[in-house]
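Under this note's numbering, the final residue of the sequence shown carries the number 217; numbering is consecutive throughout. Worksheet for the structure shown next.
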Amino acid sequence: MKFFIDTANLDQIKEAQALGVLDGVTTNPSLMAKEGIKGEENILKHYADICNIVDGDVSAEVISTDFAGMVKEGEALAALHPQIVIKLPMIADGVKACKYFSDKGIKTNVTLVFSAGQALLAAKAGATYMSPFIGRLDDISSDGLHLISEIRHIYNNYGFETEILAASVRHTMHIIDCAKIGADVMTGPLSAIKGLLKHPLTESGLAQFLADYNKGN
Ligand code: G3P
């Protein structure tokens, strides 16, 4: 299972990278705005800065909603750095743009996926990654993890190579449940990744080992 961090915050990306378990980064326009990154030039520079911190794929989202605009923006983003993955919305023009980029061998991430049907379309269009938003489904009393199971089943039926990128992960149990189901990738906040470290028996066990060592020295 690949671990992506879902943020545009460089300090958090550096911390996750330093932990040694980071496989990539996902961003979106809201996450960029949260860091105060505005204007095309600053946004492109920020993507380049992220690529220089991590070794893996970095999803950069287009803001156009028409095919021609997505192609223009996506080509500029792809030219920025070899690690950039073009993030496209799950709308008709996004599906067309996904097919366009996948035919050219450029990596894509189809985002804002909320149903198995949308996931099937993304795979048919040759998406590298397809991002179902599990937290946002949970927010409206729908079962985000059930959607991941459905998509896993469908992709396995046909051997689709599109990777299921569980997105809108909010907490540590989302990561564990996605791993049980077999999501290929999860993207979430640093807090959810660090939550995997925690166990009171690890903490008390280490404290005891250190106390015993100090008694004998
Ligand atoms: O990866 C998608 C993500 O950025 C959305 O997360 O927490 O805003 O639903 P959230």
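We put the CB at the ideal spot given by N, CA and C, even for glycine. Bear in mind the structure is a predicted one, so any value in this text is a computation, not a measurement.
Rounded to the nearest angstrom, what separates residue i and residue j at their Cα positions?
i: T7; j: L206; result: 32 Å
i: L121; j: L165; result: 15 Å
i: I106; j: D143; result: 32 Å
i: G188; j: T172; result: 9 Å
i: A76; j: L22; result: 25 Å
i: S64; j: K45; result: 19 Å
i: V85; j: V71; result: 13 Å
i: A33; j: H199; result: 35 Å
i: K197; j: L147; result: Looking at the sequence provided, one finds Leu at residue 197 rather than Lys. Whole-angstrom Cα-Cα distance: 27 Å.
i: H153; j: G117; result: 12 Å
Would DSSP call residue i helix, strand or coil?
i: K87; result: strand
i: L112; result: strand
i: M1; result: coil
i: T187; result: strand
i: D103; result: helix
i: G24; result: strand
Have a look at the options and flag the residue whose alpha-carbon is nearest the alpha-carbon of residue i.
i: Q17; options: Q208, N52, D139; result: N52
i: N156; options: I176, N42, I140, A123; result: A123
i: F101; options: T187, H81, A125, L80; result: A125
i: I193; options: K215, D212, R170; result: R170
i: I50; options: H146, N214, T162, N9; result: N9
i: S131; options: E35, R152, N109; result: N109
i: D138; options: F114, G56, A92, L80; result: F114
State yes or no: is the C-beta of residue i nearer than 6 Å to some heavy atom of ligand 3?
i: A92; result: Among the ligands modelled here, namely ligand 1, ligand 3 does not occur.
Can you tell me whether residue i is buried or exposed, with buried defined as 16 or more other CB within 10 angstroms of its CB?
i: Q83; result: buried
i: Q208; result: exposed
i: N42; result: exposed
i: E61; result: buried
i: G20; result: exposed
i: Y47; result: buried
i: T202; result: exposed
i: K180; result: exposed
i: I140; result: exposed
Secondary structure, beta strand (DSSP E): runs of 3+ residues fully inside the stretch 140-215: Counting only runs of 3 or more, we get 163-166, 185-188.
3 or more residues per run - each beta strand (DSSP E) lying fully within the stretch 27-82: Counting only runs of 3 or more, we get 57-61.
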